[in-house]
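Numbering follows this note's numbering, in which position 216 of the sequence shown is assigned residue number 233; successive positions increment by one, without gaps. No residue lacks a Cβ here, since even glycine has one placed at the ideal position from N, Cα and C. Keep in mind the model is a prediction, meaning the values are calculated, not measured.
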Amino acid sequence: MREDFLPYGRQWIDDEDIAAVVEVLKSDYLTTGPVIAQFEEKLKEVTGAQYAVALSNGTAALHAACFAAGIKEGDEVITSPMTFAATANAVLYCGGKPVFADICPDTYNINPEEIKRKITDKTKAIIPVHYTGQPCDMDEIMKIAEEYNLLVIEDGAHALGASYKGKMIGNIGDMTTFSFHPVKPVTTGEGGAVTTNNKDFYEKLLLFRSHGITRDADKLLKDEGTWYYEQQILGYNYRMTDIQAALGCSQLNKLDYFLEKRREYAKLYNDAFKDCEGVIRPRQLPDTLSGWHLYVLQLDLDKIRPDRRVIFDELRIHNIGVNVHYIPVYYHPYYQKLGYQRGLCPEAEKLYERIISLPLFPKMTKEDIMYVIKCVKEIIGVYIKR
Ligand SMILES: *Cc1c(COP(=O)(O)O)cnc(C)c1O
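So this is what it looks like as structure tokens:
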């Protein structure tokens, strides 16, 4: 058994990253300086989007996108329950109501048919989540959005560098949000961004990021002097620092390599579990290239004796930092108090009982992957029904 704990995700920081941060620390601007724009340029290159706005974290990015989309009291926004709570929380921040649409049982992404079933005359937007880094069925989702005149905000926290039918995530829906938390595809410590091709959304995002304040002479209602600025809407301080942005620039230089590693390791898992009784692999849609933020193994509970908890704890005993992504959002006590009830999304609820996220990050070695595979197979082997 291995001595050290293998986490499910971990950052990769090298000397280049450290040098980039040190350079900013020695410069004139720790925040609101020139490196923010450099980072945003790089995000535009990676995603192909026309505009990018760096923010303090992925949750702020979701909040800003919901604000720019005009979500307000009384509006309904359809999203997946199989996500981090922040996705739905952003709708609540704006006074809107998150409406959960069930997932596809094989890809675990939001099911377009279920989106349609949840549309009412209050529905304003859809927030598909590219869960684990695998793009949602965006053709279907964009078709529904067009038909019902809804905005699409993609939660791309897992999916920087992923693509759908040759299009990069970040360049499909009305807006796409990203997170740069240490476990995410690239990190800035804490950090986030929104990409869009819409100038109006872009300008709203900029205002929202910094108190609702503008100094742009074209936008000011008056001109009282060169010191003059105006707060035009109620915004927040959701700015990213230049220290973070410098780390982000350096990290983005390595994104292709990170993705290559993740894809290589995911393939090792996929190949190893292909004919392994008792486990089910995540199906990948054709014409999509996942960012493989997570490798989620599904236990086939019809074929093994104990529940997920037993398998999970055994893997932890073997020093494997398995995790569960996610508890359906509306299971949380806060959402239960709002009136959401269990039974809302049966596929997501069923999946939740069965999933285990295996370690997957670029800094792992092939030996780490082989160790995880060996342990999973041994443990499942003991518990398989005969
Ligand atoms: C990480 C994550 C977020 C939130 O991002 P933060 O940077 O942690 O605020 C939102 N949605 C999903 C799907 C995430 O994984």
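- The beta carbon of I186 is closer than 8 angstroms to those of T64, H147, P152, E171, G173, A176, L177, G178, A179, S180, T193 and G308 in its chain, skipping five residues each way along the sequence.
- Ligand 1 has a heavy atom closer than 7 angstroms to the beta-carbon of D172.
- Distances from the CB of H228 to the heavy atoms of ligand 1 are all 7 angstroms or more.
- DSSP assignment within the region 117–158 yields the following whole alpha helix (DSSP H) runs of 4 residues or more, N-terminal first: 129–135.
- In the DSSP assignment, G209 is bridged to L72 and S196.
- Residue environment: M387 is assigned as exposed (fewer than 16 neighbouring CB atoms within 10 Å of its CB, all protein chains considered).
- One alpha carbon belongs to I321, the other to V327, and they sit about 11 angstroms apart.
- Between V341 and L316, the CB-CB gap reaches or exceeds 8 angstroms.
- Under the Cβ criterion (8 angstroms, minimum of three pairs), the region 202–210 does not count as touching the region 158–167.
- Under the three-state reduction of DSSP, L368 is assigned to helix.
- Of all C-beta pairs linking the region 100–119 to the region 335–349, three or more are shorter than 8 angstroms, placing the two stretches in contact.
- Y274 carries a helical assignment under DSSP once its states are collapsed to helix, strand and coil.
- P115 is bridged by DSSP to V94.
- A contact is defined here as three or more CB-CB pairs under 8 angstroms, and the region 219–230 meets this definition with respect to the region 78–95.
- Separation of N336 and G26 (C-alpha to C-alpha, rounded to the nearest whole angstrom) is 14 angstroms.
- Setting aside the 5 residues that flank it on each side, P323 is surrounded in the same chain by Y400, each with a C-beta closer than 6 angstroms to its C-beta; the list follows chain order.
- By the Cβ criterion, the region 229–247 is not in contact with the region 44–60, since fewer than three pairs of Cβ atoms, one from each stretch, lie closer than 8 angstroms.
- In this chain, the alpha helix (DSSP H) harbouring D330 covers R325 to I334.
- Not one heavy atom of ligand 1 is found less than 7 angstroms from the C-beta of F225.
- For H175, the Cβ falls inside the 7 angstroms cut-off from some heavy atom of ligand 1.
- At least one heavy atom of ligand 1 sits closer than 7 angstroms to the Cβ of V146.
- Counting along the chain, V169 sits inside no alpha helix (DSSP H); it lies in the beta strand (DSSP E) bounded by residues L168 to D172.
- Pairing F329 with G338, the inter-Cα distance amounts to about 9 angstroms.
- Bridge pairing for L223: absent [DSSP].
- Using a cutoff of 7 angstroms, the CB of G75 counts as near ligand 1, since one of the ligand's heavy atoms is closer than that.
- Where Q315 is concerned, the enclosing beta strand (DSSP E) starts and stops at Y312 to L316.
- It is roughly 45 angstroms from the alpha-carbon of N128 to the alpha-carbon of V39.
- The straight-line gap separating the alpha-carbon atoms of R256 and D288 is approximately 43 angstroms.
- The beta carbon of G113 sits closer than 6 angstroms to those of I88, D92 and V94, all from its chain and outside the five residues before and after it, given in chain order.
- Nearest in C-alpha terms to I143, of all of F117, T149 and Y125, is F117.
- Comparing alpha-carbon positions, the option among T96, T104 and E58 lying closest to G75 turns out to be T104.
- A straight line joining the alpha-carbon of Y253 with that of P199 spans about 23 angstroms.
- The C-beta separation of A365 from F56 comes to about 34 angstroms, leaving the pair out of contact by the 8 angstroms criterion.
- Annotation: the continuous alpha helix (DSSP H) that includes Q353 extends over P350 to L355.
- Between ligand 1 and G209, a heavy atom-to-CB distance of less than 7 angstroms is present.
- Taking C-beta atoms under 8 angstroms as the contact rule, K141 and L109 fail to qualify, at a distance of about 14 angstroms.
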